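Working notes, structure below.
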Ligand code: GDP
Ligand code: ZN
């Protein structure tokens, strides 16, 4: 049943002193009235007002908690249904008891993502906005959260809608020709279609280009710090984590996951690989050095190869310089505070001209240059990251790729002179694929799958 009344704890479980229970459905007010005691019955109050009172156990009439209750009437709510939010103050047990009392009144516990699903089904948000809510909950950095917020504000949807309009216009043009072939506008139409497709393709490519950056913002740059024992890998890692602290999002209502191996370098999340291996000082693993590094290399988006400024290049360094060929690498020459013994020219030659950053983790000289280098490497040319729409969702990327392929097929078909109604099919497929990004024409099971990724209460 889609219209029964549902409830869930909407705030993260744990330390927070206030927890909110969200109730949504046509009977939300009546149900809460069964367990709420205040100046007025909630069914009699105005929409979007807050009320003080107590929650009583419906059976024993015992007081469970002191609460503030917010009443929001349909349709001006997130789900477009009647919504009541109960702010509990009495800690975890009181929240659970309140929820339990509520369930006795005929309210059902919401499935994960069910509130957002209702918002979608009731036309309050489109699918890409709903998915942005998922991303927001999982966002690991402020920037990733910003991307998600932008998407939830519908920026991507706006682009997609514009593209779909372009396609419809082109289709209309095509249809005239397919329906009235004697009208002999063939050549003109072909030219027009190819031009329109080129523009559409360009926009699709632009969106797809943002996908790589979107992925980085979402998942972090998998970074491997490699080098011989004692060059300073652990020290660098500590410096990065101390300076930048672990990442926490400060969006109210999102789960505060502190993921230690993530560090935030100038707004870019680095996911430090093999943290455990590098952190341990008396590490057996580090004695196997090179072999271990090779494993880290394979899964890295970024390799920081560390050398020692104060020692001549050694066989193991040279082997590592060989290994990093073909990987996005920054060569970090540590211990700049000590006398120079390393030959920079040799490194330049052996590395095939990779970027070299000399620094001292000890004195912190050059550390900021390394951070800047990482930023430039992954966001070259992106002066203002805040003004971008990022495509960062795998499902969106796949659909955009598909639409792009369809558009390319239209172009090559038209250029090779295939009948225009064939082009029409590809064009419609592109339109369909883009529709799926924003949830128009999406199969039912896909919707269920997407919404089941939500945390409870969202
Ligand atoms: P790892 O084996 O590569 O992880 O190296 P460590 O981070 O454990 O560092 C090895 C030694 O080098 C430690 O005694 C550090 O204090 C020292 N060290 C690290 N960075 C610097 C630096 O920039 N300058 C100097 N002088 N010593 C450093
Ligand atoms: Zn170490």
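Residue numbers (full-length UniProt numbering): 1 to 458.
Even glycine gets a Cβ: it sits at the ideal position worked out from N, Cα and C.
Please read these numbers as outputs of a predicted model, since none were measured by experiment.
In this structure, the straight-line span from the alpha carbon of residue 170 to that of residue 193 is close to 6 Å. Under the three-state reduction of DSSP, residue 11 is assigned to coil, being neither helix nor strand.
With a threshold of 7 Å, the Cβ atom of residue 338 counts as near the ligand GDP, since some heavy atom of the ligand is closer than that. Judged by beta-carbon spacing, residue 393 lies beyond the 8 Å limit of residue 433, meaning their Cβ atoms are not closer than that value. The shortest CA-to-CA distance from residue 330 to any of 346, 312, 201 and 371 is the one to 371. Contact between residue 438 and residue 126 holds: their C-beta atoms lie close to 4 Å from each other, under 8 Å. When the Cα atoms are used, residue 327 and residue 301 turn out to be separated by approximately 8 Å.
A distance below 7 Å between beta-carbons, with the five flanking residues on each side excluded, links residue 19 to the following residues of its chain, in chain order: 9, 11, 88 and 95. Remark: C-beta atoms of residue 357 and residue 313 do not approach each other more closely than 8 Å. Set against 7 Å, the gap from the CB of residue 229 to the closest heavy atom of the ligand GDP is smaller. Contact between residue 305 and residue 324 is confirmed by a C-beta separation of about 5 Å, below the 8 Å threshold. Rounded to whole angstroms, the separation of the alpha carbons of residue 132 and residue 362 is 41 Å.
By the Cβ neighbour-count rule, residue 345 is exposed, with fewer than 16 other Cβ atoms within 10 Å of its own. DSSP places residue 302 inside the beta strand (DSSP E), whose first and last residues are 302 to 308. Judged by the Cβ position, residue 234 qualifies as a neighbour of the ligand GDP at the 7 Å threshold, a heavy atom of the ligand being closer than this. Separation of residue 68 and residue 33 (C-alpha to C-alpha, rounded to the nearest whole angstrom) is 13 Å. For residue 227, the enclosing beta strand (DSSP E) begins and ends at 221 to 227. Cβ atoms of residue 99 and residue 28 stay farther apart than 8 Å, at about 14 Å.
According to DSSP, residue pairing for residue 65 in a beta bridge involves 55.
If you check the CB distance, residue 303 and residue 226 come in under 8 Å.
Looking from the CA of residue 106, the closest CA among 235, 351, 298 and 58 belongs to 58. Judged by DSSP in its simplified three-state form, residue 424 adopts helix. Per DSSP, the continuous beta strand (DSSP E) segment holding residue 87 begins and ends at 83 to 88. The beta carbons of residue 310 and residue 339 sit closer together than 8 Å.
With a threshold of 16 other beta carbon atoms within 10 Å, residue 26 falls short and is exposed. The Cβ atoms of residue 72 and residue 48 sit closer than 8 Å to each other. For the pair residue 135 and residue 148, the CB atoms are nearer than the 8 Å cut-off. For residue 299, the number of other beta carbons within 10 angstroms of its own is below 16, and it is reported as exposed.
One thing to note: residue 86 has its Cβ within 8 Å of the Cβ of residue 21. Between residue 31 and residue 102 a beta carbon distance of about 7 Å is seen, short of the 8 Å cut, so the two are scored as contacting. In the three-state scheme derived from DSSP, where H, G and I count as helix and E and B as strand, residue 79 is classed as coil. The alpha-carbon separation between residue 231 and residue 395 amounts to approximately 42 Å. Between the ligand GDP and the CB of residue 165, the shortest heavy atom gap is not smaller than 7 Å. Comparing alpha carbon positions, the residue from 222, 234, 37 and 174 closest to residue 51 is 37. Secondary structure in the stretch 328 to 398: the alpha helix (DSSP H) runs of 4 residues or longer, each lying completely within the stretch, are 344 to 351 and 367 to 379 in chain order.
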